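Let me begin by presenting the structure, written as C-alpha cells, before commenting on it.
Chains as they are written, first to last, in my numbering: chain A, 955 to 1224; chain B, -12 to 310; chain V, 621 to 876.
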C-alpha cells in the first residue's frame, strides 16, 4: 500500500498545502473528481466524497482526504454548503442532479474517460471551470511524460489479462485497455471473446493462458486456485498485483498506473 | 417397474450427468484427456471434479431438505427457504463481504455457517412449545424476512462499490471457480446434515395422519423437530455458505418424483437427494455451455429452468397433484 | 384387563378441561363417552391414549401407569383413532394401513400379515391399491380404522368415528367395533349420537363441564333426568327389538 500511496501522492505533487475552504468553493461528490480537483485546485475544495475517506474506495491518500469535510452525496448536505460549483459524475442519480438544479447550483458532470485523449480533454475543461488552466496544463504535461516514459523500447507485447475483481476481467474500449497497450503489453481479453469487461472463469484462463495475469488480490481464494491450476497444467504465467485504486479513475491516476504497468512488463520480460 | 429398478435408473442418470459435467464446458474435454500429459487434466482435477462433487452435495442437500420439509410441514409447497436458514446463511456471507470480516474464504464460510447456526437456534427457540407446524413456518418466514432486510441494509451501507458488486454476484449462487478446498469445507456439514435427515423417515410417515395419531404411533415429535432443524440447517447452511443461494431444487425435485416413487414421505427421501444432485449437475453444465465469455450464475439458471417447468406442471396437472 | 382413570385432572392452555375424573374401562367391552360440547370428552380420550399428561391423577392399564410405559410399548398397546380423517398425502390405502405397523419391530412378513388381516376385518381389501384421496368418506373411514387395527392394539380409542358417515356406514363401523370387542379388545368411543350410543355401549361415561356426571350401563345412565341435567334436552324413550331404551331428543328443556 505504501509505495502506491507514494505514487499517488507524486501524482498530486504540485498541490500547495491543503487548506480547505469552509463554504462556497467546490464540492466534489465522487472519488475520481475528488482526486482531480485536489490536483488542480486544493484550496478551492470545500468538501469531497465520503468514499475518498475509505481505504477500499479512495483514490487519494487517506491522510490528505481526512483534512477535508466529506459528504454522502445527498443533495441536502451539498446544498447546505452553498458551493460555487458542484462536481458530479455520470453515476450521480438523476434525482440528486435535479435537486441541485432546483437549488440553482452550478453543476459540472464528469463522465469516466475511455482513453487518455479524453482524459486530457476532461482535465482541460475542469481546469478552466475552476479557474486554474495553468495547473491543468502542468498535469497534462506530467501525464504525457508518463506516457513517453512507459512506452516500450522493443516490439514485444506479452499478452496480459487484467482482473478488476475476483473473476471480473477488464476488456473492451476503456482507459485501462489503452494504458495496457501504451505500456507495451498485449490485451489478452480479446482471446476470451469479451466485448466488454466480464467474467473469465479459471477454466477459460487455463485453456488459453496469457503471459501475465494481473489481480488486485493475488492471495485471494480465486487467484490462489487459478495459480494452482495453472501450475498443475504446467504453464508459466507471471502473476502480479495491480491495485484497485489504479483501476478506478483517469486523470492523475494515469501516471502511477502507467508506471506500474511498465514495471510489470520489464519484470516479465527479464 | 419396482422401486429398486426406479432407484437404479435414477442413480444411473445422476452418474451420467456427473460424467457429462466433467466433460462439458467452454472447453469440451473428452475422457482421453485424462490420460497422458494433457494440460487440460489440471482443469479436470482441480476445477471440474471438485465442482461436480460440490454439485452433487449441494443438489442432494437441497433435494433431501425439500422432501423432509414437505413431509414435516405436510405441504407440497415447502422448500428449504421457508425455514429461513438459507437467508441467514446468506446474511452471514454478505456481512463478511461487505464489512470485510474474516480473512478471505474461510472467514466467509465461517460467517455463513454462523448465520445458519443462528437461524437454527432461533427456530428451535421460537418453536419449542409449538403444537402445529404453522408456528414453524411463521418463524422461518420471519427469519427469512429479517435476514433479507439486513442483507439489503448491509449492501446499502457498503464502503465501496466493489463490495456491493461482490455481494450481489455471490447472492446469485454459483459453482464457478469452486475448488477442492470448498469441497473439503462443505462436505462434512452437508454429510452430517443429510445423515440426520435420513433418520426422519418413519416420523414423517406417521405425521401424515396428523400429530395426535403420529404420537399415538410412538413418534417422538420433539426429536423429529430437532432432526429437521439440525439436518436441514447443517446441509442447507453449508451449501449456501459455499455456493450462494440456489433455489427451486428443494421445491421441484420432490414434486417431480412423487408420481414415480409414491407420495409416502419416507419413500421420497433418497430419490429426492439423487434427483436434486442430478438436476444441479444438469443446470451447472448448462451454465457452462451457454455461449459467451462468462458463465451463467447457477441460482439464476435454476430459477430460469425451475419456474417455467413448474408453471407447465401446474397447468398440466391442475389440482390433482396437490393431494 | 382394565384401563383406569384415577381422579384425573387435565389442564389445557390454562383452562381446566377435566377435573377429578375417575372411570374404569374393561377389555372386551365397549365404553361410550357422551356429553355436551366442551364437556371434556376428546381430552379424556386423548389423555387415555397418553397424548396429554394429567395435571393430577393417574391413568393406568392393569395398574401400570401409561406415563411410565415406553413410547413404543404404549403405541403397541393403545390404538388411537382421531376425529379428523385427513391423510396428508395421497397414498394407496395399503400404505396408509401399513402406517399402523410403525411401533412394531416385527419382520416384513408379520407386517404384511397384520395389514392384510386388518383390511379383511374392515372389508377394505378391494381398494388396497387405490389412493386414499379417491375413496369415499365411508371407505376412507374404514381404511383409517384398518390402520388402527393393523397395530394389533389391546385398546382401541376412537374419537367420533361416525362423524360425516351416512347411516349405513355408521352402522357398519359400529358393527366392526363390536367385532373387535368380541375379540377381547377394549373399545372406548366418543360419540355424539345418543341413539347409537344406547345401541352399542356396554357402559356409558357421561361427562358434563369437565366432570364425570354418571358412569354405568346404558339403562342406568341414559335416563330422562340425567339427560335433562347433562344436555338440557327432554328425550323420548323408545324400546328397540332387543328391549334397549333408545333416547331420542325431543325438546330443549327449561333448565340448561
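Each residue gets a CB set at the ideal place from its N, CA and C atoms; glycine is no exception. Quick caveat: nothing in here was measured; it's all calculated off a predicted structure.
- Bounds of any beta strand (DSSP E) do not take in residue 784 of chain V, whose DSSP letter is neither H nor E.
- Residue 255 of chain B and residue 248 of chain B have their C-alpha atoms some 6 Å from each other.
- Annotation: Cβ neighbours of residue 1157 of chain A in chain B (cutoff 7 Å, chain order): 12, 13, 14, 30 and 34.
- Under the Cβ distance rule, residue 797 of chain V does not count among the residues neighbouring chain B, no pair being separated by less than 9 Å.
- V:706 is the residue among V:766, V:738, V:706 and V:621 whose C-alpha sits nearest the C-alpha of residue 783 of chain V.
- With respect to chain B, the C-beta atom of residue 707 of chain V has a partner C-beta closer than 9 Å.
- Residues of the segment 1146 to 1170 of chain A with a C-beta less than 8 Å from any C-beta of chain B: 1146, 1147, 1148, 1152, 1153, 1154, 1155, 1156, 1157, 1158, 1160 and 1161, listed in chain order.
- Leaving aside the five residues that flank residue 685 of chain V on each side, the residues in its chain whose CB is nearer than 8 Å to its CB run, in chain order, 678 and 679.
- Cβ neighbours of residue 95 of chain B within its own chain (closer than 7 Å, five residues either side excluded): 80, 83, 84 and 89.
- With respect to residue 708 of chain V, residue 137 of chain B sits apart: the two C-beta atoms are not nearer than 9 Å.
- Using a Cβ-Cβ cut-off of 7 Å, residue 1120 of chain A is close to 153 of chain B, given in chain order.
- In this structure, DSSP gives residue 677 of chain V an extended state, which the three-state scheme calls strand.
- The criterion of a C-beta distance shorter than 9 Å is not satisfied by residue 1093 of chain A and residue 1161 of chain A.
- Every unbroken stretch of the alpha helix (DSSP H) spanning 4 or more residues and falling wholly within the segment 30 to 62 of chain B is given here in chain order: 36 to 60.
- The beta-carbon distance between residue 842 of chain V and residue 814 of chain V, rounded to whole angstroms, is 7 Å. This is short enough to meet the 8 Å contact definition.
- Remark: C-beta atoms of residue 1176 of chain A and residue 1156 of chain A approach each other more closely than 9 Å.
- At a cut-off of 9 Å between beta-carbon atoms, residue -11 of chain B makes no contact with chain V.
- Residue 61 of chain B counts as buried, since at least 16 other C-beta atoms from the protein chains shown sit within 10 angstroms of its C-beta.
- Within the segment 176 to 201 of chain B, the residues whose Cβ lies closer than 8 Å to any Cβ of chain V are, in chain order, 189, 192, 193, 194, 195, 196, 197, 199 and 200.
- In the displayed model, residue 698 of chain V falls within a strand according to three-state DSSP.
- For residue 1117 of chain A, the enclosing beta strand (DSSP E) has its first and last residue at 1113 to 1119.
- Its chain contains 636, 638, 639, 640, 641, 674, 675, 676 and 677 as the residues whose beta carbon lies nearer than 8 Å to that of residue 629 of chain V, once the 5 sequence neighbours on both sides are disregarded; these appear in chain order.
- Of all residues in the segment 689 to 701 of chain V, only 690, 691, 692, 693, 694, 695, 696, 698, 699, 700 and 701 place a beta-carbon less than 9 Å from a beta-carbon of chain B.
- Annotation for residue 1069 of chain A: 1129 and 1132 place their beta carbon closer than 7 Å to its own, counting only its chain and skipping 5 residues before and after.
- For residue -12 of chain B, the number of other beta carbons within 10 angstroms of its own is below 16, and it is reported as exposed.
- Beyond the five residues adjoining it in sequence on each side, residue 267 of chain B comes within less than 7 Å, by CB distance, of 42, 45, 46 and 236 in the same chain, given in chain order.
- Setting aside the 5 residues that flank it on each side, residue 626 of chain V is surrounded in the same chain by 642, 677, 678, 679 and 680, each with a C-beta closer than 8 Å to its C-beta; the list follows chain order.
- Spatial neighbours of residue 111 of chain B in its own chain (CB-CB distance under 6 Å, excluding positions within 5 residues in sequence) are listed in chain order as 216.
- Around the beta carbon of residue 199 of chain B, 16 or more other beta carbons lie within 10 angstroms, which makes this residue buried.
- Counting only the Cα atoms, residue 1134 of chain A lies some 10 Å from residue 1111 of chain A.
- Across the segment 1173 to 1197 of chain A, CB contacts with chain B closer than 9 Å involve 1173, 1174, 1175, 1176, 1178, 1179, 1180, 1182, 1183, 1184, 1185, 1186, 1187, 1188 and 1189, in sequence order along the chain.
- In this structure, residue 776 of chain V places its C-beta atom within 9 Å of the C-beta atom of residue 797 of chain V.
- Within the DSSP secondary-structure output, residue 866 of chain V pairs in a beta bridge with V:858.
- Sequence-distant Cβ neighbours of residue 259 of chain B in its own chain, meaning closer than 7 Å and more than five residues away, are 50, 51, 53, 54, 240, 241 and 244.
- Contact annotation, residue 1199 of chain A with residue 1013 of chain A: C-beta distance approximately 6 Å; criterion of less than 8 Å satisfied.
- Taking the beta carbon of residue 669 of chain V as reference, the chain B residues within 9 Å of it are 199, 202 and 203, listed in sequence order.
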